[in-house]
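Numbering (UniProt numbering), first residue to last: 1 to 158. Just so it is clear, CB atoms sit at the ideal spot from N, CA and C, and this is done for glycine as well. Bear in mind that the values here come from a model prediction, so they are computed numbers and not experimental data. So the structure is just underneath, and the comments pick up after that.
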């Protein structure tokens, strides 16, 4: 994996705008663990190595169990580990991330709206949209995950 370009340096105003949305999401009132679980699930769906590494580390730092993180990709089978709010958020994250295929059916909206307030659904959807955008940027420019950087440094490579 070779990093293609530093998008924060190439487009600092755009990068700062995404950062402002990120700051809003973390101050909007949704639980930090819930947001990071959604970020990680969206990143799993999109195959973003940088974000998988980053959000897994964030969740571990928050004290989320390794088992919960490992079972996130199959969260429907690990139901006892995930709260009703987490399950609703993860289902919403999946259907919104796959919008081109799903068109986000009314039934899915009804399910998430039964658990979250209107503001929370809007904020959750903004969080999902932001992570989809960041995944696309990181994948497009081959942002190198911390785990790969550490591995290369240990091997004497840059």
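Residue i classed as buried or exposed, judged by whether at least 16 other C-beta atoms fall within 10 angstroms
i           : result
residue 24  : exposed
residue 3   : exposed
residue 10  : exposed
residue 154 : exposed
residue 136 : exposed
residue 127 : buried
residue 32  : exposed
residue 95  : buried
Which of helix, strand or coil DSSP assigns to residue i
i           : result
residue 42  : helix
residue 3   : coil
residue 75  : coil
residue 143 : coil
residue 23  : helix
residue 112 : helix
residue 37  : helix
residue 175 : Residue 175 lies beyond the residue range present for the chain, which begins at 1 and ends at 158; the question has no answer from this structure.
residue 11  : coil
residue 51  : helix
Inter-residue CB distance, residue i and residue j (contact presumed, cutoff 8 Å)
i          : j           : result
residue 97 : residue 46  : 7 Å
residue 92 : residue 108 : 7 Å
residue 40 : residue 52  : 7 Å
Alpha-carbon to alpha-carbon, residue j and residue i
i           : j           : result
residue 43  : residue 8   : 20 Å
residue 90  : residue 131 : 13 Å
residue 6   : residue 14  : 12 Å
residue 86  : residue 156 : 41 Å
residue 49  : residue 76  : 23 Å
residue 111 : residue 88  : 7 Å
residue 54  : residue 138 : 12 Å
residue 17  : residue 141 : 18 Å
residue 118 : residue 12  : 32 Å
residue 28  : residue 74  : 27 Å
residue 26  : residue 19  : 11 Å
Does the segment 19-36 come close enough to the segment 54-68 to have 3 or more Cβ pairs within less than 8 Å? Segments in contact, yes.
Does the segment 64-81 come within contact of the segment 120-128, defined as at least 3 CB pairs closer than 8 Å? Look at the beta carbons and you see the segment 64-81 not touching the segment 120-128: under three pairs across the two are nearer than 8 Å.
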